[in-house]
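Q: Top line first, the protein sequences correspond to chains A and B. Plus 202 on top of the position in the first sequence (first one is 1) and you've got the numbering used here. Plus 6 on top of the position in the second sequence (first one is 1) and you've got the numbering used here. For glycine and all other residues, C-beta sits at the position ideal for the given N, C-alpha and C. Just so we're clear, the structure is a prediction, and the values are computed from it rather than from any experiment.
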Amino acid sequence: MKNLLFYTMMVLSIGAWAQQQGTHTTDFVILSSDLEFLDPIIETGASDVRDGHFRVVFFGRQVAEVTQPKMRDFIDRASKHKIELAVCEMSINRLGIDRDAIPKEFEIVGNVFLHSLQLQQQGYKALHL
Amino acid sequence: MKTFFSSLILALVFISGQAQPKATANPEAAESNHTYDYVVLTRNIQQLKPILMAAEDLSKENGRQFEAFYVIVCGKAVKDLADPETMENYTKDAHRIGVHLMGCGFSLNKLGIKEEKLPEGIKVIENGIQFNLELQKQGYISLSL
């Protein structure tokens, strides 16, 4: 009985201590309508500042560029560093882009601004380029 | 007996882990003493005027002062950073208000602009995006334009 009490208190104490330590991570979402920042985005996603989810969502006229072969290097580097890629469906539709032409690494999100606001409600930090 | 004392110590550790921090006795006083830090990322040099005006208003509002206010210029707008005529008033105002003007190193390198060409009062940060996110992680209020 005494040993049961001891071990129970030990387990509960370890749990309380672990709770105090916490494992807080920060998630980031970057909205990008401009492809000139691909390199610093990759460098940031690969850096120590990132310890949680790191998501890049493309929207606007530049979305058409993601289907081009020249984007493959960026896509591969993003995948290597587990950077999540997405494109705005509204932009795809407005530009008449074939959905099947979007590389498989990109998630298609309905509305980039709604998506960003929803992620920020979940605690994401956001940056708009 | 030993087991009893061990359990008692562990119980105290458990209880202290569950304790909540005390509420401030005077929340209003605490709120008025609170300062905020800001970081603004812009790709348009003309936005420096309203940004600096905002910083000046924030520094006067209800006696609040900010510990730090950074403005990061990224993209093609960095070419304007190297124009002394364009930047003269901006650097003076920024210095007066206590705003740090920064140019993104990635953007400067892309346009072939060397740090030495920048007027005094403008610092270079290697990666403006990473710097912005680092500051957000530290609790800075952020705006990106």
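1) Cβ closer than 8 Å: which chain A residues qualify as neighbours of B/E140?
2) Can you tell me which of A/L207, A/E245, A/D253, A/D302 puts its alpha carbon nearest to the alpha carbon of B/K143?
3) Consult DSSP for B/L124 and reduce its assignment to one of helix, strand or coil.
4) Note down, in chain order, each residue of its chain lying with its Cβ closer than 7 Å to the Cβ of A/H317, except the 5 sequence neighbours on either side.
5) What three-state label does DSSP hand A/D261 in the structure shown?
6) Take B/K152 as the anchor and find which of B/G109, B/K98, B/G145, B/V105 has the nearest alpha-carbon.
7) Quick check: the Cα distance between B/G81 and A/N295, rounded to an integer number of angstroms?
8) Taking DSSP as the reference, what is the three-state secondary structure of A/E309?
9) Anyone know if the C-beta pair for A/E245 and B/Q52 falls short of 8 Å?
10) Keeping to the same chain, check which residues put their C-beta closer than 7 Å to that of A/R279; ignore five residues upstream and five downstream.
11) Could you pull out every residue in the same chain whose Cβ sits closer than 7 Å to the Cβ of A/S293, ignoring the five residues on either side in sequence?
12) For B/V46, which residues of its own chain have a beta-carbon under 6 Å away from its beta-carbon, when the five flanking residues on both sides are left out?
13) For A/M211 and A/N205, what's the separation of their Cα atoms in angstroms?
14) Closest by CA to B/T155, which one among B/I128, B/E140, B/Y44, B/N138?
15) For A/K282, return the contacting residues in chain B, with the cut-off set at a CB-CB distance below 9 Å.
16) Hey, out of A/D275, A/T225, A/P305, A/C290, whose CA is closest to A/S235's CA?
17) Could you check how far apart the C-beta atoms of A/A303 and A/V231 are, in whole angstroms? I think they sit under 8 Å.
18) Name the chain A residues that come within less than 7 Å of B/N133, Cβ to Cβ?
19) Would you kindly work out how many angstroms separate the C-alpha atoms of B/K55 and B/D89, rounded to a whole number?
20) From B/K28 to B/S113, what distance separates their C-alpha atoms?
21) Under 8 Å between C-beta atoms, does A/H317 make it to chain B?
22) Taking only runs of the beta strand (DSSP E) that begin and end inside the stretch 238–287 of chain A, which ones reach a length of at least 3 residues, in chain order?
23) With DSSP collapsed to three states, give me the class of B/F72.
A: Put simply:
1) V251
2) A/D253
3) The three-state reading of DSSP puts B/L124 in coil, since its state is none of H, G, I, E or B.
4) So the list reads V259, V311, once near-sequence residues are dropped.
5) In the sequence on display, residue 261 of chain A carries Phe and not Asp. Here A/F261 sits in coil by DSSP.
6) One cannot answer for residue 152 of chain B here, as it falls past the ends of chain B, which runs 7 to 151.
7) 28 Å
8) strand
9) no
10) I244
11) F261, G262, V265
12) The answer, listed in chain order, is I57, V77, L149.
13) 10 Å
14) Only positions 7 to 151 of chain B appear in the structure, and residue 155 of chain B is not among them; the question remains open.
15) None at all; the shortest Cβ gap to chain B is about 17 Å.
16) A/C290
17) A/A303 to A/V231, Cβ: 24 Å. No contact.
18) P242, E245, T246
19) 16 Å
20) Since pLDDT at B/K28 reaches only 36, below the 50 mark, its modelled position is unreliable, and the value read off the structure follows with that caveat. Each residue's CA atom was taken as its position, placing B/K28 and B/S113 some 47 Å apart.
21) no
22) 256–260
23) coil
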